[in-house]
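To start, the structure itself, in structure tokens.
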Ligand code: SF4
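In the numbering used here, the protein residues as written are 699 to 1202.
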């Protein structure tokens, strides 16, 4: 099966000019870089610019006032990171799939006199690999250790390794510096994090990485609401791993957000539907979409992964509870578990269509270094290679049990092809006729318009193009809320107008 077309700007990092002569480093200037990573040609290219990650803006927020800090995300397609003025310190996030690019950037800046600090999940799981590429490693919670690193650089006492604990109260972290973000480049700049961690510990999840001791923590509801208000945008995305791990907290957060009259989406687990009154509370607070990791429709796979979740037989009725409250569902599915047979692809997409999920994402099972899954695959001799560039959940990097790696990759591609087909989009249309036209508009713009996403990104048009759609969604949702409030006595929720989904 041939890969779909992908523009060069989305598959190759911008070229670093090795001959470039830069000015001397300016003291007390820092540059934070999110390196380029190649995009999956099967998925929507738009998903990378919906909302920024908070990792670097949070570190920027922890920068002492006498330092000048800049932010650069290579995935916004504006070329290589800036070098004038030349920064004294460069902080680079390192994740598995773009570790190679991070090391290239590190070498380029170090060769010209900058001190390079590497942090991020890959540094935590593979510190020996990252160390030769950096002047110092930041392992663990970055916002805590960044001021220490800058102080030590000031004193000429930089240490090779710094460690931050995820056990320090989360509320103590400074607010992220959203003012550094190019607002036009994102659908919304209001990424929020209210909680950290998850009540689950699935064996394949990065949260199960050795050394990542991350207890579930919640920030004060008032802090989160204030950040939402301060960014003055109608739509926010909660980037928490699982906003619903503590239902009592989620309920109070919803009650605090409700008066703002805004809309938002979040990742939760399907057990959030254990209590339909909580789902109602989410809808009344402006939740228009949830991202749910169903992972698999096989209970045996879920048991192997150690995921505590309701039975897959209940999934459909639970999706119905969310739909009845006007909340769209973007489901995430992992392919290639040991109980998956070659029919898993068709069965999964058929189910998605029957349950009328507005959106879905697929991932080939990928054993991340340091996780229980990685250890068991390695012990079983099933890992095919350690080319981290291909650990992007779009490639089979291990030997599946009931099919070949090629069959797994072909099945994965087929799932996306089928999901984004006209037929599938139509089959998954909302039950409420009023919602059908906006749903189709959103589906076609988001999922079938990959040919023009890179132009939107390059010309910083993502925000301006999406903002009117987001605002009209917000207004429609407010009308739906009024109907929902009015029927409190009838116990019979009506279906909402189409809303921005968790993935959009
Ligand atoms: S439920 Fe999701 S976030 Fe939580 S451990 Fe499992 S995969 Fe990770």
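Positions of the beta carbon are idealized from the N, C-alpha and C atoms, including for glycine.
State the CB to CB distance for the pair residue i and residue j, rounded to an integer number of angstroms; the pair is presumed to be in contact (CB under 8 Å).
{"i": "residue 779", "j": "residue 770", "result": "4 Å"}
{"i": "residue 1092", "j": "residue 715", "result": "Residue 1092 to residue 715, Cβ: 30 Å. No contact."}
{"i": "residue 1168", "j": "residue 890", "result": "Not really, about 15 Å apart at Cβ, beyond 8 Å."}
{"i": "residue 798", "j": "residue 1087", "result": "6 Å"}
{"i": "residue 978", "j": "residue 1023", "result": "6 Å"}
{"i": "residue 1161", "j": "residue 876", "result": "Between residue 876 and residue 1161 the Cβ distance is about 13 Å, and since that is not below 8 Å, they are no contact."}
{"i": "residue 641", "j": "residue 1051", "result": "Nothing can be reported for residue 641, as the shown portion of the chain is limited to 699 through 1202."}
{"i": "residue 1060", "j": "residue 1096", "result": "With 8 Å as the limit, residue 1060 and residue 1096 do not qualify as a contact, their Cβ atoms being about 17 Å apart."}
{"i": "residue 834", "j": "residue 860", "result": "6 Å"}
{"i": "residue 838", "j": "residue 856", "result": "With 8 Å as the limit, residue 838 and residue 856 do not qualify as a contact, their Cβ atoms being about 17 Å apart."}
{"i": "residue 902", "j": "residue 1069", "result": "6 Å"}
{"i": "residue 761", "j": "residue 728", "result": "6 Å"}
{"i": "residue 1028", "j": "residue 1058", "result": "7 Å"}
{"i": "residue 951", "j": "residue 919", "result": "5 Å"}
{"i": "residue 900", "j": "residue 1004", "result": "6 Å"}
{"i": "residue 816", "j": "residue 828", "result": "5 Å"}
{"i": "residue 818", "j": "residue 792", "result": "4 Å"}
{"i": "residue 743", "j": "residue 712", "result": "So it is not a contact: roughly 17 Å between Cβ atoms."}
{"i": "residue 1056", "j": "residue 1137", "result": "7 Å"}
What does DSSP give as the partner residue(s) for residue i in the beta ladder?
{"i": "residue 768", "result": "729"}
{"i": "residue 1061", "result": "1032"}
{"i": "residue 859", "result": "835"}
{"i": "residue 791", "result": "817"}
{"i": "residue 1075", "result": "Answer is none; residue 1075 lacks a bridge partner."}
{"i": "residue 724", "result": "785"}
{"i": "residue 1163", "result": "Answer is none; residue 1163 lacks a bridge partner."}
{"i": "residue 942", "result": "Residue 942 is not bridged to any residue."}
{"i": "residue 966", "result": "990"}
{"i": "residue 933", "result": "961"}
{"i": "residue 890", "result": "936"}
{"i": "residue 985", "result": "962"}
{"i": "residue 1027", "result": "988"}
{"i": "residue 1096", "result": "1081"}
{"i": "residue 916", "result": "893"}
So does residue i have its beta carbon nearer than 6 Å to some heavy atom of the ligand NAD?
{"i": "residue 738", "result": "Among the ligands in the structure shown, the ligand NAD does not appear; only the ligand SF4 can be found there."}
Legend entry - Contact set, the ligand SF4 heavy atom to C-beta under 6 Å: 896, 898, 899, 900, 903, 905, 939, 940, 967, 991 and 1005
Legend entry - Stretch pair the stretch 955 to 969 + the stretch 981 to 988: three plus CB contacts closer than 8 Å: yes
Inset, instruction - Evaluate the contact criterion for the stretch 782 to 797 versus the stretch 711 to 730: three or more CB pairs, one atom per stretch, below 8 Å. - result: yes
Inset, instruction - State whether the stretch 1034 to 1050 contacts the stretch 924 to 938, with contact taken as three or more CB pairs (one from each stretch) at a distance under 8 Å. - result: no
Inset, instruction - Take every Cβ of the stretch 1064 to 1076, pair it with every Cβ of the stretch 1121 to 1139, and state whether three or more of those distances are shorter than 8 Å. - result: no
Inset, instruction - Count the C-beta pairs between the stretch 1011 to 1021 and the stretch 1072 to 1085 that are closer than 8 Å, then say yes if the count reaches three, no if not. - result: no
Inset, instruction - Could you say if the stretch 935 to 946 and the stretch 894 to 902 meet the contact criterion of at least three C-beta pairs nearer than 8 Å? - result: yes
Legend entry - contact_flag[the stretch 1148 to 1165, the stretch 742 to 762] where n(CB pairs < 8 Å) is 3 or more: yes
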